[in-house]
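> Have a look at this one before I ask anything.
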Amino acid sequence: MKKIITYSLASTLILGSATPIAAQSKEQEETIVANESEQQEFTYIYKDIEFTGNVQMSEEQLEGLYNNAVSPEPTFTTFGADSGLGYVSVISPKYVTYKNTTTKWAAELIVAYLVSKAPTKIASAVFGSWTLGKIQGWASSIGPTYVGAWVSTSYVSGQRRYYETLAHYKNSNYTSPKSVQYYDVTAKWKK
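When the letters of the sequence shown are read in order and numbered with mature numbering (1 follows the signal peptide of the UniProt record, and there is no 0), they come out as residues -22 to -1, 1 to 169.
Here's what the structure looks like:
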C-alpha cells in the first residue's frame, strides 16, 4: 500500500511540476523582455482569436490584421492621407509546418520509460492504468504546428513604421488562426 501511495505521489509531482515551471520560466522571460524594451503589450480578442502586440489598435486595424491572418495570401492595401491604417508588404508571407517529430519522439521515450518502471500491481490497478493511459495520451497529442509570418510597413504621423506578424494556425490551410502576434519593430529595422 505504501508503494502505491509513493508511486502515485511521485507521478503526480512529476506531471504536476511541468506546468508551474514552464509558467514561471515564461513569466521571467516576459519580465526580461518587458524591461529591455520598456514597451506596453496589448492583448485583444477579435472573433475568438487572441491578438497580442506592442501596438495599441483600433477596431478597424484589428479587422485588417484579422483579414490578413485568415487569407492564405494577405492583401496589403495602402490607404491614403497618412491614416496609419494601410500596410504594404515588405517581406511576403511565409507559411511553415513544424512536424514536431523530435518532440513527440522524446515524449514517447519518456512515457515508455515511465511505463516500464511502473510495478505490475500499479499498472493493473484501475487508478494506475488510468494514470498510465493519460500519460500515453499526452505523448500522442503532440502534433504539427502551423505558422505564418510576414513583415509589413505603414506610414504613420510622418514616419515609416515596420511591423512583424507571427500567426499560429489550427491546420495546414493557414486560414484558421489560433493566435496572432503583431509587433512594431521599427527600431530594429532602422539599425
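Backbone N, C-alpha and C fix where the C-beta goes; we use that ideal spot for every residue, glycine too.
1. Please classify Ile27: does DSSP put it in a helix, a strand, or coil?
2. If you reduce the DSSP assignment to three classes, tell me which class Thr153 lands in.
3. Distance check for Asp162 and Val33, CA to CA, integer angstroms please.
4. On the three-state DSSP scale, how would you describe Ile88?
5. With a cut-off of 8 Å on the beta carbons, I'd call Ser135 and Ile27 a contact; round off their distance for me.
6. When you compare the segment 75 to 92 with the segment 136 to 143, are there three or more beta-carbon pairs, one atom per stretch, that lie closer than 8 Å?
7. Quick check on the burial criterion: 16 or more other C-beta atoms within 10 angstroms. Buried or exposed for Ile23?
8. Could you spell out where the beta strand (DSSP E) holding Ile69 opens and where it closes?
On the basis of the supplied data:
1. strand
2. Thr153 sits in coil when the DSSP states are folded into three classes, being neither helix nor strand.
3. Each residue's Cα considered, the two are about 7 Å apart.
4. Correct three-state label for Ile88: helix.
5. The pair is not a contact, with the Cβ atoms about 28 Å apart (cut-off 8 Å).
6. no
7. exposed
8. 66 to 76
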